[in-house]
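Take the sequence shown: its position 228, counting from 1, is numbered 231 in the numbering used here, and each next residue is one higher.
Heads up, the beta-carbon is just placed ideally off N, CA and C, and yes, glycines get one too.
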Amino acid sequence: MSLPRDVAPARSFPDDRLLGMVRPTARGLPESGIVEVMNYGRDRPGMIPLWAGEGDVPTPAFICEAAARALHAGETFYTWQRGLPDLRAAIARYMSGLYGVKEDPERYFVTGSGMQAIHIAFAMAVGPGEEILIPSPVWPNAPAAALKAGAVPVPVPFTYGPKGFALDHERLAAAVTPRTRAIFLNSPGNPTGVVASHDDLKAVLDLARRHGLWIVADEIYGRFYYGEERRAPSFHDVMEEDDAILFVQTFSKNWAMTGWRIGWLEAPPALGQVIENLVQYSTSGVAAFMQRGAIAALEEGEDFVAEQIERARLGRKIVSDALLGTGKVDLVPPPGAFYLFFRIAGYPDVRRLGLQLVDEANVGIAPGTSFGAGGEGFMRLCFARSASQLEEVARRLVAWLERAPADAASPAAPRR
4 MSLPRDVAPA
14 RSFPDDRLLG
24 MVRPTARGLP
34 ESGIVEVMNY
44 GRDRPGMIPL
54 WAGEGDVPTP
64 AFICEAAARA
74 LHAGETFYTW
84 QRGLPDLRAA
94 IARYMSGLYG
104 VKEDPERYFV
114 TGSGMQAIHI
124 AFAMAVGPGE
134 EILIPSPVWP
144 NAPAAALKAG
154 AVPVPVPFTY
164 GPKGFALDHE
174 RLAAAVTPRT
184 RAIFLNSPGN
194 PTGVVASHDD
204 LKAVLDLARR
214 HGLWIVADEI
224 YGRFYYGEER
234 RAPSFHDVME
244 EDDAILFVQT
254 FSKNWAMTGW
264 RIGWLEAPPA
274 LGQVIENLVQ
284 YSTSGVAAFM
294 QRGAIAALEE
304 GEDFVAEQIE
314 RARLGRKIVS
324 DALLGTGKVD
334 LVPPPGAFYL
344 FFRIAGYPDV
354 RRLGLQLVDE
364 ANVGIAPGTS
374 FGAGGEGFMR
384 LCFARSASQL
394 EEVARRLVAW
404 LERAPADAAS
414 PAAPRR
């Protein structure tokens with residue numbers, strides 16, 4: 004039967020033609036090596052998953068109850084683009100108490116996750132063809148966000164030695180070109196656990212001032228610091244109020260809210276309207292009931308945060324001690340964040356090793372190549388888990404290491 008005259012036949016395109024029509028900035032985004040291992044092992048019975056950057060504790064009840072009360076009270080409408088005034092005030096109090104900065108709600112903007120805060124910061128700082136320097140290895144979402152903005156992420160490898168990873172000031176300074184517009188620094192770092200010292204932060208700030216660069220500071224692991232202080236060193240300790248620094252933050256780690264997708268951006272108040280516009284034209288704000296939960300996290304969650312830090316401190320010791328005791332692992336216990344980033348002698352192909360450990364140890368960890376330059380040969384293990392679970396992880400990994408060949412440059416292919 005023929006179609007009516009005014010109805011055109013459906014057009015079908017080969018998949019490669021459709022892909023060819025996609026903008027290069029979208030089509031060229033890299034696949035996640037972390038997700039590859041997760042997808043490979045997530046349904047294995049008895050699997051202990053340490054591949055993602057989250058713990059095993061659900062969001063505490065007092066946060067969930069605050070969100071539920073807001074839902075039942077009818078807070079389900081559009082809300083403030085910059086965030087509820089109550090939440091911005093709570094963030095300002097929290098930051099003032101933690102960092103000793105002036106309590107100014109106008110510096111804080113609520114975002115739909117720390118990831119959205121990064122996207123907004125990059126939208127303000129870098130554009131097509133411009134460069135952003137990113138010390139590496141680093142969480143892969145940051146350079147991918149730069150690519151999505153059409154910018155060029157320039158990895159600047161950390162040095163690695165007996166004390167672990169460290170920022171290389173000479174490499175960073177040498178990487179600046181006329182196209183450089185920003186520096187992204189994650190400290191404490193994911194995946195390395197590197198913590199920038201006050202001298203490091205001053206050097207980065209001096210470099211940025213000298214060249215008129217933005218700094219995008221990812222300090223989301225600032226509370227997960229294993230020194231004597233309550234938090235890691237911060238740009239807040241060395242900056243002036245009008246420095247061109249954009250801080251990205253999240254509720255995910257401290258308060259076990261990874262699935263909530265809520266964070267904040269800290270910026271000079273003069274940028275407020277620009278940031279409000281960027282929120283409006285992307286997500287049009289964060290759900291009010293989620294923000295009520297976030298207020299509860301800030302106002303009632305300090306004991307919970309302290310418990311999570313001590314839990315991570317113990318987890319770091321359990322797995323570090325076990326792996327170092329084998330004599331087959333190159334590992335420096337990290338001063339911050341909640342990851343071990345280590346090398347196993349004889350296993351340079353870490354993508355393959357991640358799949359192999361799923362098959363042979365029933366433990367899921369992420370390959371270091373997922374984190375860019377300098378991650379070759381390393382694996383990342385998240386130790387924000389219960390002591391009992393990490394003791395079992397340690398047992399499985401030690402047993403695997405004891406039976407693994409000393410030189411396994413070409414291990415057997417994992418099953419698919």
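Residue i versus the options, residue with shortest Cα-Cα distance
i, options, result
"Asp57", "Leu384, Ile186 and Gly378", "It is Glu, not Asp, that sits at residue 57 in the sequence shown. Of the candidates Leu384, Ile186 and Gly378, the one whose C-alpha sits nearest the C-alpha of Glu57 is Leu384."
"Pro131", "Thr28, Gly103, Ala340 and Pro88", "Thr28"
"Glu232", "Phe250, Glu243, Met242 and Val198", "Val198"
"Val366", "Asp46, Ala145 and Gly266", "Asp46"
"Glu133", "Arg182, Thr329, Glu310 and Pro108", "Arg182"
"Val141", "Asp221, Leu22 and His172", "Asp221"
"Trp90", "Leu317, Glu305, Gly31 and Gln294", "As written in the sequence, residue 90 is Leu, which differs from the Trp given in the question. Leu90 has its Cα closest to that of Gln294, out of Leu317, Glu305, Gly31 and Gln294."
"Arg174", "Asp203, Tyr102 and Pro88", "Asp203"
"Met127", "Leu274, Tyr342, Gly44 and Gln252", "Leu274"
"Arg399", "Ser35, Pro33, Glu34 and Met50", "Met50"
"Lys166", "Arg406, Leu358 and Pro337", "Pro337"
"Ile347", "Leu334, Leu358 and Cys67", "Leu334"
"Ala92", "Trp267, Tyr284, Leu317 and Gly36", "Trp267"
Buried versus exposed, by CB contacts within 10 Å (16 or more), residue i
i, result
"Thr82", "buried"
"Asp242", "Note on identity: in this sequence residue 242 is Met, with Asp being the wrong assignment. That one is buried."
"Lys256", "buried"
"Ser287", "exposed"
"Gly339", "buried"
"Gly375", "buried"
"His75", "exposed"
"His201", "exposed"
"Glu313", "exposed"
"Ala147", "buried"
"Ala412", "With a pLDDT of 47 at Ala412, under the threshold of 50, the modelled position of that residue is not reliable, and no figure is offered here."
"Leu26", "The residue asked about is misnamed: residue 26 is Arg in this sequence, not Leu. With fewer than 16 Cβ atoms within 10 Å of its Cβ, Arg26 is classed as exposed."
"Glu269", "buried"
"Pro138", "buried"
"Gly23", "exposed"
"Arg264", "buried"
For residue i, the first and last residue of its enclosing alpha helix (DSSP H)
i, result
"Tyr224", "Careful: Tyr224 lies outside any alpha helix (DSSP H) and carries neither H nor E."
"Pro108", "That residue, Pro108, is in no alpha helix (DSSP H); it is neither H nor E in DSSP."
"Tyr97", "Pro88 to Tyr102"
"Trp83", "No alpha helix (DSSP H) holds Trp83; DSSP gives it neither H nor E."
"Met242", "Looking at the DSSP string, Met242 is not in any alpha helix (DSSP H), and its letter there is neither H nor E."
"Arg295", "Ala291 to Glu303"
"Gly275", "Gly275 to Gln283"
"Pro146", "Asn144 to Lys151"
For residue i, three-class secondary structure by DSSP
i, result
"Ala369", "strand"
"Tyr350", "coil"
"Asp333", "strand"
"Trp217", "strand"
"Trp267", "strand"
"Glu34", "coil"
"Met260", "coil"
"Thr28", "helix"
"Leu326", "helix"
"Phe345", "strand"
"Pro156", "strand"
"Gln252", "strand"
"Arg383", "strand"
"Leu6", "Because Leu6 sits at a pLDDT of 44, beneath the cut-off of 50, its placement in the model cannot be relied upon, and the following sentence gives the value as read from the coordinates. The answer is coil: DSSP assigns Leu6 none of H, G, I, E or B."
"Pro52", "strand"
"Gly117", "helix"
"Arg72", "helix"
"Gly339", "strand"
"Gly58", "coil"
"Glu231", "coil"
"Gly357", "helix"
"Gly375", "coil"
Range of the contiguous beta strand (DSSP E) that encloses residue i
i, result
"Ala185", "Thr183 to Asn189"
"Gly167", "Gly167 to Ala169"
"Ser139", "Glu134 to Ser139"
"Gly164", "Thr162 to Gly164"
Below-9 Å beta-carbon distance, residue i vs any chain C residue
i, result
"Leu327", "No chain C appears in the structure shown, which is made up of a single protein chain."
Stretch pair the segment 184-198 + the segment 212-220: three plus CB contacts closer than 8 Å: They touch, by the three-pair rule.
Segment contact, 8 Å Cβ cut-off, at least three pairs: the segment 31-42 with the segment 249-263: No: fewer than three Cβ pairs fall under 8 Å.
At least 3 beta-carbon pairs within less than 8 Å: the segment 313-325 vs the segment 379-395: Contact between the segment 313-325 and the segment 379-395 is present, because at least three Cβ pairs lie under 8 Å.
Segment contact, 8 Å Cβ cut-off, at least three pairs: the segment 340-352 with the segment 93-113: Segment contact: the segment 340-352 against the segment 93-113, fewer than three CB-CB distances shorter than 8 Å; contact not assigned.
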